[in-house]
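Top to bottom, those sequences are chains A and B. If you want my numbering, it's the position in the first sequence, counting the first as 1, plus 539. If you want my numbering, it's the position in the second sequence, counting the first as 1, plus 509. Where is the CB? At the ideal position from N, CA and C, for every residue including glycine. Inspection log for the structure reproduced underneath, given as structure tokens.
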Amino acid sequence: MRKGTSLLSGVRKHSVLWLMLLPVLIYFIIFSYLPMCGIWLAFTRFDFRLGFFKSPFVGFDNFRYLFESGIFFRLLRNTVLYNAAFILCGNMMQVICALFLNDLGNRRFVKTSQSLIFLPYFISYVLVGLFSYALFNVDNGLINTTLRSLGLEEYNFYLEPNAWPFIIVAVQVWKGLGYGSVVYLSVMSSFDQEIYESARIDGATKWQQVRKLTLPMVKPTFMLLVMFNLGSILKGQFQLFYQLVGNNGLLFNTTDIIDTYVYRSLTVNFDIGMGSAAGVFQSVFGCALVLIVNALVRRHDKDLALF
Amino acid sequence: MKAGMIGQVRPDKGTASFKLIGYSFMSLVTLICFIPFWLIIVASISDEKTILVEGFKLWPQVFSLDAYRSIFSDAGPLMKAYAVTMFITALGTLLGLLLTAMTGYVLTRQDFKARNKVSFMIYFTTLFSGGVIPSYILMVKYLDLKNSLWALVLPCVLSPWNIFLMRNFMKSIPSSLVEAARIDGAGDWQVFTRVILPLSKAGLATIGLFLALNYWNDWYHASLYITKEELYPLQYMLYRMLSNAEYMKQAAEAGLFLGTETLPSETLKMATALVVTGPILLAYPFVQKYFVKGVMIGSVKG
Chain A
540 MRKGTSLLSG VRKHSVLWLM LLPVLIYFII FSYLPMCGIW LAFTRFDFRL GFFKSPFVGF
600 DNFRYLFESG IFFRLLRNTV LYNAAFILCG NMMQVICALF LNDLGNRRFV KTSQSLIFLP
660 YFISYVLVGL FSYALFNVDN GLINTTLRSL GLEEYNFYLE PNAWPFIIVA VQVWKGLGYG
720 SVVYLSVMSS FDQEIYESAR IDGATKWQQV RKLTLPMVKP TFMLLVMFNL GSILKGQFQL
780 FYQLVGNNGL LFNTTDIIDT YVYRSLTVNF DIGMGSAAGV FQSVFGCALV LIVNALVRRH
840 DKDLALF
Chain B
510 MKAGMIGQVR PDKGTASFKL IGYSFMSLVT LICFIPFWLI IVASISDEKT ILVEGFKLWP
570 QVFSLDAYRS IFSDAGPLMK AYAVTMFITA LGTLLGLLLT AMTGYVLTRQ DFKARNKVSF
630 MIYFTTLFSG GVIPSYILMV KYLDLKNSLW ALVLPCVLSP WNIFLMRNFM KSIPSSLVEA
690 ARIDGAGDWQ VFTRVILPLS KAGLATIGLF LALNYWNDWY HASLYITKEE LYPLQYMLYR
750 MLSNAEYMKQ AAEAGLFLGT ETLPSETLKM ATALVVTGPI LLAYPFVQKY FVKGVMIGSV
810 KG
């Protein structure tokens, strides 16, 4: 009773603030919280005409099928391995680029380089797909054109499932390099310059400064970013995979991730129940992972935890 | 500057090799980041027949503006898509900025008791989500937004990340300014519009640009919710053009005949891609610093 009146008086006291917040609260309730009830769909054989409430309940059948058909294992393996590669390769390249950008003297070079490295972040994945077409297609892609002009045999990437893990990881690292190196640069610029000064006076070379000073000081940030990225290891980069590979079934064994499977089950196969089951698995275990990672970080250092 | 100074004072082998490797490595990385753009630009101003025979090259073998000529001779659909994209970008960015700024402001008010609860409610949506399929069914079956431009605006208008970024920007505004305005009799809304907004220009610019970029590059929501050709935004139009070309090519190779429609030429694809991306590339040099700022502030926490 008392709590209710205090909430009410709080609303009255800050009525304008609540009014400003209202559209946002409604937005999140409709577009984020309402769809959470959609988990139910994973336990039904969804029929669009019958809708959410009347579609027949089938228990864990969708999950059972996903597991027994082996689809699930493939999706999980691909999603996790790709993300692990993205996280490790991506962060390592970002640290290396930030190191050099931070320490190379020529300001003009650094500025130009940083601008161009950041450029891929700004383009749509449709364009990324076109880039990969212009590089890799067998008829007139740059790589095959070059191979032919050197008298070598052409290589049809779009028939080779084993080529794509490398391409996809490279493209993802390429697209995120500018963003990530700015993050690391901002960390490096906060380091105390006096330490470097005294190292220089002691005759430390650039390499020694990097190895003994910068890298150890970057390490906590690196570990933290890797940890939090690991928390979202079940979330796939849908746009990247879909624009590079699309619905090319030949490549699915090495390129199909949970997100592309869910999208296809919605737009191509119309198998809502199955797609929902894969999605629910992703949401539930993804959430659990973030909580675990956060708890680990929190135990290590309370200030670094997200919540 | 500091490296140059040291180089003069105490030139040593380690620093020289650091510079040599650093400059070559970064030159290579920079080149790799830029080559795809170059490849597309060159292809778009090349002669179609030469490309079909010799493939894409890093330098135009035979120069030709035919692709651009053919785009602008039949510019109707492209102009329509431009109008759609500009409409959703403008509407979404303005609406998103207003809502994000209001929320950011309320969440910085120390006397607003429900602050943490509301923050958590917003934050929780990043931890757990219903996923694509429930959202799709909600949008199509229950909100009836199939083939509505709202289906392109609403899904990207608010993001927890933007809200917390805005809150971080606004935290740096001294609360004494807010207090002073309130003593002068300003209500919460006046404080927001007269004090907070004018002082948040950097934050508004950064988040506005993030929002605008996101809307401009969106093809995904159009692929889910838009089936009418006259409502295609730019990126989705480009995507349809590319995927149809691929489909028709495969069908032709398999010996199927799919009507008399001709394949879009390679140069036309490239030129269209550039026309579609053009505004981003043109604006890029001027807006880049806002993004860098946003990334730096966002990376501090949250």
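Nearest Cα to Phe-592 (chain A) within the set A:Asn-601, A:Phe-599 and A:Phe-582: A:Phe-582. By the Cβ-count criterion, Cys-576 (chain A) is exposed, with fewer than 16 other Cβ atoms from all chains shown falling within 10 Å of its own Cβ. Inside the stretch 630-706 of chain B, DSSP marks whole alpha helix (DSSP H) runs of 4 or more residues at positions 641-646, 659-662, 669-680 and 684-692, from first to last along the chain. A straight-line Cα-Cα distance of about 41 Å links Asp-697 (chain B) and Leu-769 (chain A). When DSSP reads this structure, Phe-761 (chain A) sits in no beta bridge, so it has no partner.
Scanning the stretch 536-623 of chain B for uninterrupted alpha helix (DSSP H) segments of 4 residues or longer gives 557-563, 575-582 and 585-617, listed from N- to C-terminal end. With a contact defined as Cβ atoms closer than 8 Å, Ser-732 (chain B) and Pro-574 (chain A) miss out at about 18 Å. The C-beta of Met-779 (chain B) has 16 or more other C-beta atoms within 10 Å across all chains shown, which makes the residue buried.
Judged by DSSP secondary structure, Arg-749 (chain B) falls within the alpha helix (DSSP H) whose first and last residues are 743-762. Nearest C-alpha to Lys-558 (chain B) among B:Pro-773, B:Val-704, B:Thr-781 and B:Lys-802: B:Pro-773. B:Leu-636 is the residue among B:Leu-606, B:Gly-717, B:Leu-636 and B:Ala-754 whose C-alpha sits nearest the C-alpha of Val-832 (chain A). Beta-bridge pairing by DSSP links Thr-583 (chain A) to A:Phe-596.
Among the CB atoms of chain A, one or more fall inside 7 Å of the CB of Asn-726 (chain B). Measuring C-alpha to C-alpha distances from Met-611 (chain B) to each of A:Leu-556, A:Tyr-800 and A:Asp-795 identifies A:Leu-556 as the nearest. Residue environment analysis places Pro-759 (chain A) among the exposed positions, since fewer than 16 neighbouring C-beta atoms fall within 10 angstroms of its C-beta. For the pair of segments examined, the stretch 781-794 of chain A was found not to touch the stretch 749-765 of chain A: the number of CB pairs separated by less than 8 Å stays below three.
Taking a 10 Å sphere around the C-beta of His-839 (chain A), we find fewer than 16 other C-beta atoms and assign the residue as exposed. In the three-state reduction of the DSSP assignment, Asn-695 (chain A) falls in the coil class, being assigned neither a helical nor a strand state.
Taking C-beta separations shorter than 8 Å and ignoring five residues to either side along the sequence, the partners of Pro-742 (chain B) in its chain run Ala-590, Val-593, Thr-594, Ile-597, Leu-661, Asp-727, Trp-728, Ala-731 and Ile-735, following chain order. Membership of Ile-662 (chain A) in any alpha helix (DSSP H) is not indicated, and neither H nor E is assigned to it by DSSP. The Cβ atoms of Ser-571 (chain A) and Thr-634 (chain B) lie closer than 7 Å to each other. Within 7 Å of the CB of Ala-844 (chain A), no CB atom of chain B is found; the nearest one sits about 10 Å away. Listed in chain order, the non-local C-beta contacts of Asn-656 (chain B) below 8 Å within the same chain comprise Tyr-734, Ile-735, Thr-736, Lys-737 and Leu-740, local neighbours out to five positions each way being set aside. His-730 (chain B) carries a helical assignment under DSSP once its states are collapsed to helix, strand and coil.
Apart from sequence neighbours up to five positions away, the residues of its chain that approach Trp-547 (chain B) with a beta-carbon distance below 8 Å are Leu-567, ordered along the chain. The distance from the Cβ of Asp-810 (chain A) to that of Ser-804 (chain A) is about 4 Å, consistent with a contact at the 8 Å cut-off. Restricting attention to A:Glu-607, A:Gly-818, A:Ser-652 and A:Leu-845, the CA atom closest to the CA of Ile-642 (chain B) is found in A:Gly-818. Looking at A:Gly-680, A:Cys-826, A:Arg-646 and A:Ser-815, the one whose alpha-carbon comes closest to that of Phe-585 (chain A) is A:Ser-815. Interface with chain B (7 Å Cβ-Cβ cutoff): Ala-673 (chain A) is included. Boundaries of the alpha helix (DSSP H) around Val-710 (chain A): 703-727. Chain B places no beta carbon closer than 7 Å to that of Pro-700 (chain A), leaving this residue out of the contacts.
Interface criterion met: the Cβ of Leu-667 (chain B) is under 7 Å from a Cβ in chain A.
The three-state secondary structure of Leu-643 (chain A), taken from DSSP, is coil.
Collapsing the DSSP output to three states places Thr-744 (chain A) in coil. The DSSP-derived three-state label of Ile-565 (chain A) is helix. Thr-651 (chain A) counts as exposed, since fewer than 16 other C-beta atoms from the protein chains shown sit within 10 angstroms of its C-beta.
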